[in-house]
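If you count the sequence shown from 1, position 32 lands on 32 in the numbering used here, and the numbers rise without skipping.
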Amino acid sequence: MRPTLSAVVAAWFSVSASTLPANAGDAGNPIVMAQACGWYAVVGCARGWNQANSDAPPGTYVIDTNQYPNFRNGWFCAVDGPYGTKAEVPLSHWRSYRGDAYVKNAC
């Protein structure tokens, strides 16, 4: 008798989840995988997602900085990117929206 696909998938998830370490980091600090490495134009940040999203100019999207190792934790930022190099980021365009826009490497 052949097992059903759902039974195989359920068995795989139960085995794979049980083999994962509870904490992948050292000394209680979990490893955080970045969403996408590269260079970003940071156009504005706020402590809450709703505020960052309402302030975000068209063409940007909001990130949670906790997910990017080179960003300071606890912020939500309107960004454009990622770009492969710092020189590719259209910083002058974003400074026309906000004079304090800057470029940052996420990883």
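Glycine residues also receive a C-beta, built at the ideal position from the N, C-alpha and C atoms.
What three-state label does DSSP hand residue i in the structure shown?
i   : result
W39 : strand
D80 : strand
N23 : Annotation note: pLDDT 38 at N23 (below 50); position unreliable, no value reported.
V66 : As written in the sequence, residue 66 is Asn, which differs from the Val given in the question. The answer is helix: DSSP assigns N66 an H, G or I state.
For residue i, write down the residues that DSSP places opposite it in a beta bridge.
i   : result
Y61 : V79
K86 : K86 pairs with nothing; no bridge assigned.
G44 : A78
List the endpoints of the continuous alpha helix (DSSP H) containing residue i.
i   : result
N53 : W49 to D55
S92 : L91 to R95
Give every residue of the same chain whose Cβ lies closer than 6 Å to the Cβ of residue i, excluding the five residues on either side of it in the sequence, and list them in chain order.
i   : result
R98 : V43 and G44
The beta strand (DSSP E) spanning residue i covers which residue range?
i    : result
Y102 : Y102 to N105
Suppose the cutoff is 8 Å on Cβ atoms and the five residues either side in sequence are ignored; what does the same chain contact list for residue i look like?
i   : result
L91 : A41, A101, Y102 and V103
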